[in-house]
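In what follows, a structure is listed as structure tokens, so that the remarks can point back to it.
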Amino acid sequence: AAMAGALDPSAMDKVQEQIAKDKQPNFFRRLKRVNSIFDLAGSGVTVSYQDGRNRKSVTVPSPLSDPSVANDLLPQLFALLSTAPDPESSEQVEQPARLNVNTAPAAVLALIPDLEEADIQQILGNQPAGDDVSGASPAWLFTKAQIAPSKLAKVEKYLTTHPTAVRVQVAARVKGAKSAALMEGTIDLGGPRPRLTSLRDLSDQASTLLPQAP
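First residue of the sequence shown? That's 161 in my numbering, and the numbers climb one at a time after it.
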């Protein structure tokens, strides 16, 4: 099959006509499942069209394969679309734990399957700052860190840019006393209702972690 960019204008017109026909509902067409939005950046569409008596085919690459185009459109796709199936129960609403790729250190990134050392260095060198709007979605892993879309499609299920766990500390001190009780908890907001996932007693460190009583 030829690439779309190598076609002459008359052949391109035939391809566009065929694409318009293929957009019509067809219950017999077998569709390819998209498991990750990154799949849209790393794939192409093969179009078969009639050229006289000959049946030809051409591969049309995704416009998202161009980082300059993806830089504008990919964050919008992440914001508006999802490849996750619709939940059938409240238990399925709960999201599995994911790694915040915007702040993850090298040692943690190294635990992710399919990421090579070169990929990790690219991620570390392009992690967005706190006020960088590109950090709102994982799109920057392709547009800035230039990780291959095929690889990102495999690891996206481990990553997030919107962590759902928060850490809180609760301190109590009797008025006039120098000692205090200090508890630290982690709350997971990724399910249908918040849940406490860890609780630590830090009272023995309260004197260094808390401001001194007047």
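All C-beta atoms, glycine included, are put in the ideal place defined by N, C-alpha and C.
Using C-beta distances below 6 Å, list every residue in its chain close to residue i, excluding the 5 sequence neighbours before and after it, in chain order.
{"i": "residue 332", "result": "341"}
{"i": "residue 221", "result": "204"}
{"i": "residue 227", "result": "303"}
{"i": "residue 199", "result": "313"}
Nearest-angstrom Cα distance between residue i and residue j?
{"i": "residue 336", "j": "residue 344", "result": "23 Å"}
{"i": "residue 202", "j": "residue 195", "result": "12 Å"}
{"i": "residue 162", "j": "residue 349", "result": "Only weak support exists for where residue 162 lies, its pLDDT of 47 falling under 50; the value from the coordinates is given anyway. Cα-Cα distance, rounded: 49 Å."}
{"i": "residue 241", "j": "residue 362", "result": "42 Å"}
{"i": "residue 265", "j": "residue 170", "result": "52 Å"}
{"i": "residue 197", "j": "residue 215", "result": "32 Å"}
{"i": "residue 290", "j": "residue 263", "result": "9 Å"}
{"i": "residue 324", "j": "residue 183", "result": "38 Å"}
{"i": "residue 172", "j": "residue 217", "result": "11 Å"}
{"i": "residue 160", "j": "residue 225", "result": "No answer is possible for residue 160: it lies beyond the span of the chain, which begins at 161 and ends at 374."}
{"i": "residue 212", "j": "residue 259", "result": "54 Å"}
{"i": "residue 355", "j": "residue 193", "result": "33 Å"}
{"i": "residue 284", "j": "residue 267", "result": "11 Å"}
{"i": "residue 236", "j": "residue 245", "result": "19 Å"}
Please work out which residues of its chain come closer than 7 Å, Cβ to Cβ, to residue i, disregarding the five sequence neighbours upstream and downstream, and give them in chain order.
{"i": "residue 298", "result": "238, 261, 316, 319, 321"}
{"i": "residue 314", "result": "274"}
{"i": "residue 179", "result": "207"}
{"i": "residue 110", "result": "Absent from the structure is residue 110, since the part of the chain shown begins at 161 and ends at 374."}
Just to check my reading of the structure: residue i and residue j have Cβ atoms closer than 8 Å, yes? What is that Cβ distance to the nearest angstrom?
{"i": "residue 327", "j": "residue 346", "result": "5 Å"}
{"i": "residue 271", "j": "residue 280", "result": "In fact, because the Cβ distance is near 10 Å, the residues do not count as touching under 8 Å."}
Pick from the options: whose alpha carbon is nearest that of residue i?
{"i": "residue 181", "options": "193, 200, 192, 210", "result": "210"}
{"i": "residue 286", "options": "257, 192, 303", "result": "303"}
{"i": "residue 308", "options": "267, 245, 217, 282", "result": "282"}
{"i": "residue 177", "options": "277, 207, 256", "result": "207"}
{"i": "residue 329", "options": "360, 236, 339", "result": "360"}
{"i": "residue 219", "options": "334, 246, 175", "result": "175"}
Please tell me whether, using a cut-off of 8 Å, the distance from the CB of residue i to the nearest non-hydrogen atom of the ligand MN is below it.
{"i": "residue 240", "result": "In the structure on display, the ligand MN does not appear, and there are no ligands present to speak of."}
I'd like the list of long-range same chain contacts for residue i, defined as Cβ closer than 8 Å, with 5 residues on each side in sequence excluded.
{"i": "residue 311", "result": "274, 275, 279"}
Taking three-plus beta-carbon pairs below 8 Å as touching, is the region 284-298 in contact with the region 222-237?
-> yes
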